[in-house]
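Enquirer:
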Amino acid sequence: MSSVVRKPQINAYPFEGEHVISLMVRHHQYSGIRRWDNATNPISSDYKTVVPHYVLRPLYRDVYDAFSPSIDYETFLGRHTLYQYYAPFLPATLLKQSGDKPLFVNNINRVKYAAHWRHCSECVKEDMDTIGETYYHIEHQLAGMSYCVKHQTPLFIACDRCHDSGRYLNSIGLPHGSNCPKCDMGYDNLDGYMDDDIDWVLRTSARLLKHEFPNLNLQRLQRAYRDYIGLDTFTNVSSRKDTLIIAEAQRALDNYFAPELYERLLILDGYQGNRKFRELFVSYLAYKDKFTLPICHLLMIRMLFGEIENIPNLMS
Ligand SMILES: [Zn+2]
Ligand SMILES: [Zn+2]
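When you line the sequence shown up against full-length UniProt numbering, it's residues 1 to 316, in that order.
(1) State the DSSP-derived secondary structure class of Ile308, mapped to helix, strand or coil.
(2) How close, in whole Å, do the beta carbons of Asn189 and Pro154 come, if the pair is a contact with beta carbons under 8 angstroms?
(3) Using 8 angstroms as the threshold, is the stretch 187-203 in touch with the stretch 55-65, meaning 3 or more CB pairs across them?
(4) With a threshold of 8 angstroms, are at least 3 pairs of Cβ atoms found where one atom belongs to the stretch 114-127 and the other to the stretch 176-190?
(5) Along the chain, which unbroken stretches of the alpha helix (DSSP H) at least 4 residues long are found entirely within the UniProt domain "TniQ" (72-155)?
(6) Does Met300 pass the burial test, meaning 16 or more other C-beta atoms within 10 Å, or should it be called exposed?
(7) Return yes when at least one heavy atom of ligand 1 lies under 7 angstroms from the C-beta of Lys150, else no.
(8) Just to be sure I understand the criterion: a residue counts if its Cβ is closer than 6 angstroms to at least one heavy atom of ligand 2. Which residues meet that?
(9) From the DSSP output, in three-state form, read off Met1 for me.
(10) What residue from Gln250, Leu266, Lys288, Phe281 has the CA that sits closest to Thr233's CA?
(11) Taking only the alpha-carbon atoms, compute the straight-line gap between Ile308 and Asp160 and give it to the nearest angstrom.
(12) Is Glu122 near ligand 1, judged by its Cβ being under 7 angstroms from some heavy atom?
(13) Under 6 angstroms Cβ to Cβ from Pro143, same chain only, skipping five residues before and after it: list those, please.
(14) May I ask which residues mark the beginning and end of the alpha helix (DSSP H) holding Asn313?
(15) Which class does Asn11 belong to by DSSP, given the choice of helix, strand or coil?
(16) Just how far apart, CA to CA, sit Tyr64 and His28?
(17) Suppose you measure from the CA of Arg240 to the CA of Tyr284; what does that come to, to the nearest Å?
(18) What number of angstroms, rounded off, separates the C-alpha of His116 from the C-alpha of Ile43?
(19) Would you call Arg60 buried or exposed, if buried means 16 or more other Cβ atoms sit within 10 Å of its Cβ?
(20) Residues in its own chain within less than 7 angstroms of Ile267 by CB, not counting five upstream and five downstream?
(21) Spatial neighbours of Gly186 within its chain, please: C-beta separation below 7 angstroms, excluding the five flanking residues on both sides.
(22) Nearest-angstrom Cα distance between Ile245 and Glu16?
(23) Taking only the alpha-carbon atoms, compute the straight-line gap between Ala286 and Arg226 and give it to the nearest angstrom.
(24) Locate the alpha helix (DSSP H) running through Glu248, then write down its first and last residues.
(25) Using 8 angstroms as the threshold, is the C-beta distance between Arg264 and Ile157 below it?
(26) So which of Glu279, Phe305, Leu218 has the shortest CA-CA distance to Tyr85?
(27) Suppose you measure from the CA of His137 to the CA of Ser70; what does that come to, to the nearest Å?
(28) Mind checking if His80 is an interface residue toward chain B, Cβ cutoff 8 angstroms exclusive?
(29) Quick one: residues in its chain with C-beta nearer than 7 angstroms to the C-beta of Met1, no 5 flanking neighbours on either side, listed in chain order?
(30) According to DSSP, is His19 helix, strand or coil?
(31) Please report the distance separating the alpha-carbon of Val105 from that of Asp129.
(32) List the whole-angstrom C-beta distance separating Leu261 from Asp191, where the pair is believed to meet the contact cut-off of C-beta under 8 angstroms.
(33) Report yes if the C-beta of Thr153 is less than 7 angstroms from at least one heavy atom of ligand 1; otherwise report no.
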C-alpha cells in the first residue's frame, strides 16, 4: 500500500502586504488549537522568535511550500516579508545563498522599535471595512518606521503592561485599533521628532520594499561611497593619512543631521567612548563586504547624494 504524504494545510490566505508571521497568527486563531507551538509546528519547525525583522528564515520557505503558489519564492518574499528592503544591501555572497538558513541583520535591535510589531489604527479600520479582518502590514515593520505612509498617522505598538516584551506576535495577536483589548489602555503611539531627513529615510525605505530600485546593490553603492570619499581601500593596517580621511568622513556623517534624528532612529550606545552610535561606521559601510543596517546606508546616501536616483552609475 502506498502512503500519501499529506501537505500541511494553512487555514488562511495572505492578504495584500501581509507579513508571513501575521498569516501564521491567523492560521493559529482559525485552527482552534490552543497553543501556538502545536498549531504552527506541523507547518514549520521554525516557529519560535516571532519577530518581524528576519531577512530569511526556514519559516518563510515552509509557508511558501505549503501554498505552492504560482509565484516564485523571491516574489513571495517580496510581497510578504521585508526581503526587498534588505536585498540591496546584501553582499553578493549572501544574495547567492539559497535562502533557507536564518539570516538577520546584526544590531537590528539598535534601531528603535525595529523588533516591535507595529500597526496603523486607520489601516485597521480600513481592513475591517473591506475584508472584515485585521493583519500586520510589512510596510509598518520597516526598521525605524513610526508612521503609516498611506494615512500619515503614527503607528502603534502593543500595550507593554499586558505584553511584556511587545515583540512576540503569538502573544500579542492581531492588530486592534488604538487601545489594548485586554486592559483598554491606549497603545503607545510612535509620534515624535520628525524632519525632512527622517521623512525621506522612511519614505525611501517603503520604496525599497516595493523594489523600486532594482539596480541598487552593495557593490555599486560602495563604489559610489569610495569615489566620493576619495579612498579606494581601507583596512585596519591602512596609513595614518588614510585613517584621517576616514575619520573626517565619519565626523561628517555623525554631525550631518539634526541631533534629534540620530536619537529618534538609533538607540544610544553608552559605552563606545565619544561615538554615540556605533552602527554608523563609515569604514564598515563603505569598505566591508558585510551586511549592515539599511538605515545606516540610507543616512550615508542622504548625506552624500540626497536621493537614491543621484547615486552615480546606478540608473544607467
Ligand atoms: Zn495606515
Ligand atoms: Zn494592555
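Virtual Cβ for every residue (Gly too), placed ideally from N, Cα, C.
Expert: In terms of the structure at hand:
(1) For the purposes of this step, residue 308 is identified with residue 308 of the sequence shown, where counting begins at 1. The three-state reading of DSSP puts Ile308 in helix, counting H, G and I together.
(2) Locating residue 189 in the sequence shown gives position 189, counting from the first residue. Locating residue 154 in the sequence shown gives position 154, counting from the first residue. Going by Cβ atoms, the distance from Asn189 to Pro154 rounds to 4 angstroms, so yes, they are a contact pair.
(3) Under the Cβ criterion (8 angstroms, minimum of three pairs), the stretch 187-203 does not count as touching the stretch 55-65.
(4) By the Cβ criterion, the stretch 114-127 is in contact with the stretch 176-190, since at least three pairs of Cβ atoms, one from each stretch, lie closer than 8 angstroms.
(5) The UniProt domain "TniQ" (72-155) contains these whole alpha helix (DSSP H) runs: 73-80, 83-86, 92-96, 121-130.
(6) The residue you call residue 300 lines up with position 300 of the sequence shown. By the neighbour-count criterion, in which 16 or more other beta carbons inside 10 Å mark a residue as buried, Met300 falls on the buried side.
(7) On the sequence shown, position 150 is the one that residue 150 refers to. Checking every heavy atom of ligand 1 against the Cβ of Lys150, one is found closer than 7 angstroms.
(8) Cβ atoms closer than 6 angstroms to ligand 2 belong to Cys159, Arg161, Cys162, Cys180, Lys182, Cys183, Met185.
(9) Walking along the sequence shown from the start, residue 1 turns up at place 1. Here the model assigns Met1 a pLDDT of 48, short of 50, so the residue's position is not dependable and the matter cannot be decided.
(10) Here residue 233 refers to the residue found at position 233 when the sequence shown is read from its first residue. Ranking Gln250, Leu266, Lys288, Phe281 by Cα distance to Thr233 puts Lys288 first.
(11) Against the sequence shown, residue 308 aligns to sequence position 308. Against the sequence shown, residue 160 aligns to sequence position 160. If you draw a straight line from the Cα of Ile308 to the Cα of Asp160, it comes to about 37 angstroms.
(12) For this step, residue 122 is matched to residue 122 along the sequence shown. It does: the Cβ of Glu122 is within 7 angstroms (strictly closer) of some heavy atom of ligand 1.
(13) The sequence position of residue 143 within the sequence shown is 143, counting from 1. Looking at the sequence shown, residue 143 is not Pro but Ala. Cβ neighbours of Ala143 beyond the five flanking positions: Val111, Ala114, Ile295.
(14) Residue mapping note: residue 313 aligns to position 313 of the sequence shown, counting from 1. Asn313 -> no alpha helix (DSSP H), and no H or E assigned at all.
(15) Counting from one through the sequence shown, the residue named residue 11 turns up at place 11. Three-state DSSP puts Asn11 in coil, outside helix and strand.
(16) Here residue 64 refers to the residue found at position 64 of the sequence shown. Here residue 28 refers to the residue found at position 28 of the sequence shown. Between Tyr64 and His28, the C-alpha separation is close to 17 angstroms.
(17) Taking the sequence shown and counting its residues from 1, one reaches residue 240 at position 240. Taking the sequence shown and counting its residues from 1, one reaches residue 284 at position 284. Roughly 18 angstroms separates the two Cα atoms.
(18) As a first step, residue 116 is located in the sequence shown; it is residue number 116 there, counting from the start. As a first step, residue 43 is located in the sequence shown; it is residue number 43 there, counting from the start. Rounded to whole angstroms, His116 to Ile43 spans 24 angstroms at the Cα level.
(19) Counted from its first residue, the sequence shown places residue 60 at position 60. Checking the sequence shown, residue 60 turns out to be Tyr, not Arg. Per the 10 Å Cβ criterion, buried.
(20) Stepping through the sequence shown from its first residue, residue 267 is reached at position 267. Here the set comprises Arg110, Lys112.
(21) Walking along the sequence shown from the start, residue 186 turns up at place 186. Ser178, Asn179, listed in sequence order.
(22) Stepping through the sequence shown from its first residue, residue 245 is reached at position 245. Stepping through the sequence shown from its first residue, residue 16 is reached at position 16. Each residue's Cα considered, the two are about 47 angstroms apart.
(23) Translated into positions along the sequence shown, residue 286 becomes position 286. Translated into positions along the sequence shown, residue 226 becomes position 226. Taking the straight line from one Cα to the other gives about 6 angstroms.
(24) Indexing the sequence shown from 1 puts residue 248 at position 248. Counting along the chain, the alpha helix (DSSP H) containing Glu248 begins and ends at 240-255.
(25) Taking the sequence shown and counting its residues from 1, one reaches residue 264 at position 264. Taking the sequence shown and counting its residues from 1, one reaches residue 157 at position 157. In terms of Cβ geometry, Arg264 and Ile157 do not form a close pair [threshold 8 angstroms].
(26) In the sequence shown, residue 85 corresponds to position 85, counting from 1. Of the candidates Glu279, Phe305, Leu218, the one whose C-alpha sits nearest the C-alpha of Tyr85 is Leu218.
(27) Along the sequence shown, read from residue 1 onward, the residue named residue 137 stands at position 137. Along the sequence shown, read from residue 1 onward, the residue named residue 70 stands at position 70. Taking the straight line joining both Cα atoms gives about 22 angstroms.
(28) No chain B is part of this structure, which consists of one protein chain only.
(29) Taking the first residue of the sequence shown as 1, we reach residue 1 at position 1. Note that Met1 has pLDDT 48, beneath the 50 cutoff, so the model's placement of it is unreliable and the number below is only indicative. Short of 7 angstroms from the beta carbon of Met1, and not among the five residues preceding or following it, lies no beta carbon of its own chain.
(30) In the sequence shown, residue 19 corresponds to position 19, counting from 1. Three-state DSSP puts His19 in coil, outside helix and strand.
(31) Along the sequence shown, read from residue 1 onward, the residue named residue 105 stands at position 105. Along the sequence shown, read from residue 1 onward, the residue named residue 129 stands at position 129. Inter-residue distance for Val105 and Asp129 is about 36 angstroms (C-alpha atoms, whole angstroms).
(32) Along the sequence shown, one-based indexing puts residue 261 at 261. Along the sequence shown, one-based indexing puts residue 191 at 191. Not confirmed; about 15 angstroms, so no contact.
(33) Residue numbering aside, residue 153 sits at position 153 when the sequence shown is read from its first letter. At a cut-off of 7 angstroms, the beta-carbon of Thr153 counts as near ligand 1: some heavy atom of the ligand is closer than that.
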